[in-house]
Amino acid sequence: MDFLQQLGLEQENAGVSTGAEWLPSTGEKIQSFSPVDGRLIGSVTATDKETYDKVVAKATAAFKEWRMVPAPRRGEVVRQFGEALREKKEALGKLVSYEMGKSLQEGLGEVQEMIDICDFAVGLSRQLYGLTMHSERPLHRMYEQWHPLGIVGIISAFNFPVAVWSWNTALSWICGDVCIWKPSEKTPLCGIACQKIIAEVFAKNNVPEGVSCLVQGGREVGEWLSNDTNIPLVSATGSTRMGKAVSAAVAARLGRSILELGGNNAIIISQHADLDMSIIGALFGAVGTAGQRCTSTRRLIIHESVYDTFKEKLANAYQQLSIGDPLDTKNHVGPLIDKDAVKLYLGAIEQGKQQGATFIVEGGVLEGAGYESGCYVKPCIAEVTNDLAIVQHETFAPILYLIKYKTIEEAIELQNGVPQGLSSAIMTLNIRESELFLSHAGSDCGIANVNIGTSGAEIGGAFGGEKETGGGRESGSDAWKAYMRRQTNTMNWGTQLPLAQGIKFHI
Ligand code: NAD
Numbered sequence: 001m002d003f004l005q006q007l008g009l010e011q012e013n014a015g016v017s018t019g020a021e022w023l024p025s026t027g028e029k030i031q032s033f034s035p036v037d038g039r040l041i042g043s044v045t046a047t048d049k050e051t052y053d054k055v056v057a058k059a060t061a062a063f064k065e066w067r068m069v070p071a072p073r074r075g076e077v078v079r080q081f082g083e084a085l086r087e088k089k090e091a092l093g094k095l096v097s098y099e100m101g102k103s104l105q106e107g108l109g110e111v112q113e114m115i116d117i118c119d120f121a122v123g124l125s126r127q128l129y130g131l132t133m134h135s136e137r138p139l140h141r142m143y144e145q146w147h148p149l150g151i152v153g154i155i156s157a158f159n160f161p162v163a164v165w166s167w168n169t170a171l172s173w174i175c176g177d178v179c180i181w182k183p184s185e186k187t188p189l190c191g192i193a194c195q196k197i198i199a200e201v202f203a204k205n206n207v208p209e210g211v212s213c214l215v216q217g218g219r220e221v222g223e224w225l226s227n228d229t230n231i232p233l234v235s236a237t238g239s240t241r242m243g244k245a246v247s248a249a250v251a252a253r254l255g256r257s258i259l260e261l262g263g264n265n266a267i268i269i270s271q272h273a274d275l276d277m278s279i280i281g282a283l284f285g286a287v288g289t290a291g292q293r294c295t296s297t298r299r300l301i302i303h304e305s306v307y308d309t310f311k312e313k314l315a316n317a318y319q320q321l322s323i324g325d326p327l328d329t330k331n332h333v334g335p336l337i338d339k340d341a342v343k344l345y346l347g348a349i350e351q352g353k354q355q356g357a358t359f360i361v362e363g364g365v366l367e368g369a370g371y372e373s374g375c376y377v378k379p380c381i382a383e384v385t386n387d388l389a390i391v392q393h394e395t396f397a398p399i400l401y402l403i404k405y406k407t408i409e410e411a412i413e414l415q416n417g418v419p420q421g422l423s424s425a426i427m428t429l430n431i432r433e434s435e436l437f438l439s440h441a442g443s444d445c446g447i448a449n450v451n452i453g454t455s456g457a458e459i460g461g462a463f464g465g466e467k468e469t470g471g472g473r474e475s476g477s478d479a480w481k482a483y484m485r486r487q488t489n490t491m492n493w494g495t496q497l498p499l500a501q502g503i504k505f506h507i
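Counting with the UniProt record's numbering, you get residues 1 to 507 for the letters of the sequence shown.
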């Protein structure tokens, strides 16, 4: 376990940091057990309220300094952050894989996303464009500019334990904001490792304490962030249940939130699809990260004329899957995050059967050598109709539902016929179908793909979804605007004071 040392992780770790400083805290000890082998990796002390308040005070003071650093100079610090991540890619990727359970390839991919967002943010730090517009008044100039917002609170989920933090921080920092991050209590060591990497970069650049803060703990610590009027923006990634709570708390104080919540993603497999390519897309989408991606493929909506052929090919492909230690590159599927997740998986299979699902590839928990953690499960496939309660719900596990359709319009209706709206895809070589799918009469999701699966987004595009997925956008495109406040400025360079709308006001 060299990577633990390389990342500066101890058996017992302080959980609160404002940068280079680690603060003592009296919170409970969070023990992090690896789902890979069930071993205790290390523990982290959760944050108590008094220490949390100290962190907020530090961040508030740091914002006053950080916002005055020119944006391209902030970008230079983020560039160095990207370099530090390149150096630590292997070690951090292994930690992600060992603490969270995703395959090493996906762990490394997650760190690559962090590097990519840094590169994106560096370029953006010389942009952050506002517009100019023409004033109706003579000798006046009107324009808008984007100012830093303040503290950004980041609440993240276990399944992307490092990338979500960097999507938010890289943009926040170039925008002039400071961050307080609460990682998932299921992956606290990933939080410590990231904080140590950024602390070194910040120290070299004399970035003040408080620009990157870390607090640790569960729901309660997340609630402190949501209810805190010192925090103008809370970016929360996790379940829809969590998002509803955070959204209500932040809205009650008229703060802003970015919500990145659950998905129930489908691929439409048309009769015009390249079926071999579709198998790969469906397979990676459904079993990658053991079905624990927000963009995991949960439903396949298959044209009746290719349904049986596709079903058979897919079931065959499932037989080839190798399940086991995700750090061993020969395995395709690793464990679920913990035994609670295994219970939810088994419960969903049971409920599915009661509601009428027919399993064509059976699930189950794996036992024996290599599976001692009790978190390894078999990816499974069931034939269903879209209206089953279990199909309408996001089960965070590798359970794939097959649904049959006759017309493309019906397929789109089925695809949209769930409460969530994150990612969607169509496999087709027919341009009329693909254009319909991408049109305003098509997919209602934040992400709609053609001839690729539902998971594996690039950072250049805005990431997020509609309906119960929360409506937030992070990462690329103009997602940065959510991290800044817009100001409209009108300058009078004349000798008169004409009023807008031609209003006359004489004394
Ligand atoms: P979760 O909702 O259980 O926890 C997420 C985070 O929210 C954790 O840090 C947790 O401590 C915190 N939290 C929980 N309740 C809270 C509350 N009431 N107030 C404030 N904070 C609270 O989710 P999870 O099991 O860690 O992650 C899986 C879920 O995340 C899935 O639903 C998945 O789809 C979703 N997810 C969405 C995206 C996206 O970008 N849309 C990305 C990753 C994961």
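Ideal Cβ positions, reconstructed from N, Cα and C, are used throughout, including at glycine.
Keep in mind that this is a model prediction, so the values were computed, not measured.
### Query
So, using beta-carbon positions, are VAL338 and ASN331 closer together than 8 Å?
Position 338 of the sequence shown, counted from the start, is the residue given in the question as residue 338. Position 331 of the sequence shown, counted from the start, is the residue given in the question as residue 331. The amino acid occupying residue 338 in the given sequence is Asp; Val does not appear at that position. Result no, Cβ atoms of ASP338 and ASN331 do not sit closer than 8 Å.
Q) ligand 1 heavy atoms versus the CB of SER226: any closer than 7 Å? A) Position 226 of the sequence shown, counted from the first residue, corresponds to residue 226. The beta carbon of SER226 sits closer than 7 Å to at least one heavy atom of ligand 1.
Check your understanding: Less than 7 Å between the CB of ARG219 and some heavy atom of ligand 1, yes or no?
Key -> As a first step, residue 219 is located in the sequence shown; it is residue number 219 there, counting from the start. Checking every heavy atom of ligand 1 against the Cβ of ARG219, one is found closer than 7 Å.
Next on the checklist: Report the CB separation of THR159 from MET100 in whole angstroms; it is logged as a contact under 8 Å.
Outcome noted: Taking the sequence shown and counting its residues from 1, the one referred to as residue 159 is at position 159. Taking the sequence shown and counting its residues from 1, the one referred to as residue 100 is at position 100. The amino acid occupying residue 159 in the given sequence is Asn; Thr does not appear at that position. Confirmed, Cβ separation roughly 7 Å.
### Query
Buried or exposed: GLN5, going by 16 or more other Cβ atoms within 10 Å of its Cβ?
Your numbering for residue 5 matches position 5 in the sequence shown. So GLN5 counts as exposed.
Under the three-state reduction of DSSP, which class applies to GLU367: helix, strand or coil?
Here residue 367 refers to the residue found at position 367 of the sequence shown. If DSSP states are grouped into helix, strand and coil, GLU367 belongs with coil.
Does the structure place the segment 216-225 close enough to the segment 252-264 that three or more beta carbon pairs sit under 8 Å?
No: the two stretches stay apart, fewer than three of their Cβ pairs being nearer than 8 Å.
Considering only residues of the segment 3-86, which uninterrupted beta strand (DSSP E) runs meet the minimum length of 3 residues and lie entirely inside it, listed in chain order? Complete beta strand (DSSP E) runs here, min 3: 29-33 and 40-45.
Quick check: the segment 485-497 against the segment 128-139, are there 3 or more CB pairs under 8 Å?
Contact between the segment 485-497 and the segment 128-139 is present: 3 or more CB-CB pairs across the two stretches fall below 8 Å.
Exercise for the section: Find out if the Cβ-Cβ distance for the pair TYR401, ALA382 is shorter than 8 Å. Expected result: The residue labelled residue 401 in the question sits at position 401 within the sequence shown. The residue labelled residue 382 in the question sits at position 382 within the sequence shown. Remark: C-beta atoms of TYR401 and ALA382 approach each other more closely than 8 Å.
When we look at the beta-carbon of PRO70 and count the other beta-carbons within 10 Å, is it buried (16 or more) or exposed? Working through the sequence shown from its first residue, we reach residue 70 at position 70. A residue is called buried when at least 16 other Cβ atoms come within 10 angstroms of its Cβ; PRO70 does not meet this threshold and is exposed.
Going by DSSP, what residues sit across from CYS213 in a beta bridge? As a first step, residue 213 must be located in the sequence shown, where it is residue number 213. Looking at the DSSP assignment, CYS213 forms a beta bridge with ILE180.
Considering only residues of the same chain and omitting the five flanking positions on each side of LEU131, which have a CB-CB separation below 8 Å?
Reading the sequence shown from its first residue, position 131 is the one you call residue 131. The beta carbon of LEU131 sits closer than 8 Å to those of TYR143 and GLU144, all from its chain and outside the five residues before and after it, given in chain order.
Extent of the continuous alpha helix (DSSP H) to which LEU344 belongs
Looking up residue 344 in the sequence shown gives position 344. Looking at the DSSP string, the run of the alpha helix (DSSP H) that includes LEU344 is 339-355.
Contiguous alpha helix (DSSP H) assignments of at least 4 residues, all confined to the segment 397-463 = For the segment 397-463, whole alpha helix (DSSP H) runs of length 4 or above, ordered along the chain, are 408-416 and 431-438.
Fill in: Spatial neighbours of ASP116 in its chain, beta-carbon cut-off 7 Å, leaving aside the 5 residues before and after
For the purposes of this step, residue 116 is identified with residue 116 of the sequence shown, where counting begins at 1. These residues qualify, in order along the chain: ILE459.
message: Using a Cβ-based criterion (distance less than 7 Å to any ligand heavy atom), does ALA157 qualify as near ligand 1?
response: The residue you call residue 157 lines up with position 157 of the sequence shown. Result yes, Cβ under 7 Å from ligand 1.
I'd like to know whether the C-beta atoms of GLN195 and THR47 end up nearer to each other than 8 Å. What you label residue 195 is simply residue 195 of the sequence shown in a count that begins at 1. What you label residue 47 is simply residue 47 of the sequence shown in a count that begins at 1. Their beta carbons are not under 8 Å apart, which means GLN195 does not touch THR47 by this criterion.
Notebook entry, point to check: Is the beta carbon of GLU65 sitting closer than 8 Å to the one on PRO208?
Noted result: Mapped onto the sequence shown, residue 65 falls at position 65. Mapped onto the sequence shown, residue 208 falls at position 208. Yes, they are a contact pair.
message = Is CYS375 close to ligand 1? I mean its beta-carbon at under 7 Å from any heavy atom of the ligand.
response = Indexing the sequence shown from 1 puts residue 375 at position 375. Flag unset: Cβ of CYS375 not near ligand 1.
Relative to the alpha-carbon of ARG39, which residue among HIS147, GLU372 and PRO419 has its alpha-carbon at the smallest distance? Indexing the sequence shown from 1 puts residue 39 at position 39. Relative to ARG39, the option among HIS147, GLU372 and PRO419 whose CA is nearest is GLU372.
Check whether the Cβ atoms of ILE403 and ILE280 lie closer than 8 Å to each other.
The count along the sequence shown starts at 1 and reaches residue 403 at position 403. The count along the sequence shown starts at 1 and reaches residue 280 at position 280. At least 8 Å separates the beta-carbon of ILE403 from that of ILE280.
Worksheet item: For ligand 1, any of its heavy atoms closer than 7 Å to the Cβ of PHE284?
Response: Stepping through the sequence shown from its first residue, residue 284 is reached at position 284. No - ligand 1 has no heavy atom lying nearer than 7 Å to the Cβ of PHE284.
Where residue 510 falls, given that 16 or more other Cβ within 10 Å makes a residue buried:
The first residue shown for the chain is 1 and the last is 507, placing residue 510 beyond what the model contains.
Can you find the residues in the same chain that come closer than 8 Å, C-beta to C-beta, to LYS481, ignoring five residues on each side of it along the sequence? What you label residue 481 is simply residue 481 of the sequence shown in a count that begins at 1. These residues qualify, in order along the chain: TRP146.
task = Give the straight-line distance between the Cα atoms of residue 508 and CYS175, rounded to the nearest whole angstrom.
result = There is simply no residue 508 to check, as the chain begins at 1 and stops at 507 in what is shown.
Note to self: My assumption, with CB atoms under 8 Å, is that VAL44 sits in contact with ILE30. Please give the rounded CB distance.
What the structure shows: Mapped onto the sequence shown, residue 44 falls at position 44. Mapped onto the sequence shown, residue 30 falls at position 30. Between VAL44 and ILE30, the beta carbon gap of about 5 Å places them in contact (Cβ cut-off 8 Å).
message: Between THR169, MET133 and ALA317, which has its C-alpha nearest PRO379's C-alpha?
response: As a working note, residue 379 is residue 379 in the sequence shown. Of THR169, MET133 and ALA317, the residue nearest in Cα terms is ALA317.
Q. By Cβ distance, which residues of its chain are closer than 8 Å to GLN105, with the 5 residues on each side in sequence left out?
A. Start at 1 with the first residue of the sequence shown, and residue 105 comes out as number 105. Excluding positions up to five away in sequence, the list reads THR329.
Handout entry: Pair within 8 Å by beta-carbon distance, ILE151 and THR51
Key = One-based indexing of the sequence shown puts residue 151 at position 151. One-based indexing of the sequence shown puts residue 51 at position 51. No; because the gap between Cβ atoms is not below 8 Å, this pair is not in contact.
- Task: Would you list, in sequence order, the uninterrupted beta strand (DSSP E) runs of no fewer than 3 residues that lie entirely inside the segment 113-200?
- Result: DSSP runs (the beta strand (DSSP E)) wholly in the segment 113-200: 140-148, 151-155 and 178-182.
Where GLY262 and ILE426 are concerned, what is the direct C-alpha to C-alpha distance, given to the nearest angstrom? Position 262 of the sequence shown, counting from 1, holds the residue named residue 262. Position 426 of the sequence shown, counting from 1, holds the residue named residue 426. Their Cα atoms are separated by approximately 20 Å.
**Q.** Cβ shell of ALA479 (< 6 Å), same chain only, five flanking positions each side left out
**A.** Start at 1 with the first residue of the sequence shown, and residue 479 comes out as number 479. Taking C-beta separations shorter than 6 Å and ignoring five residues to either side along the sequence, the partners of ALA479 in its chain run ALA462 and ARG473, following chain order.
8 Å Cβ cutoff met for THR454 and GLY291:
Numbered from its first residue, the sequence shown carries residue 454 at position 454. Numbered from its first residue, the sequence shown carries residue 291 at position 291. No.
Is any heavy atom of ligand 2 found at a distance shorter than 7 Å from the C-beta of LEU261? This structure lacks ligand 2; its bound ligands are ligand 1.
_Could you tell me the alpha carbon to alpha carbon distance between LEU92 and HIS393, rounded to whole angstroms?_
Here residue 92 is taken as the residue at index 92 of the sequence shown, counted from 1. Here residue 393 is taken as the residue at index 393 of the sequence shown, counted from 1. Taking the straight line from one Cα to the other gives about 32 Å.
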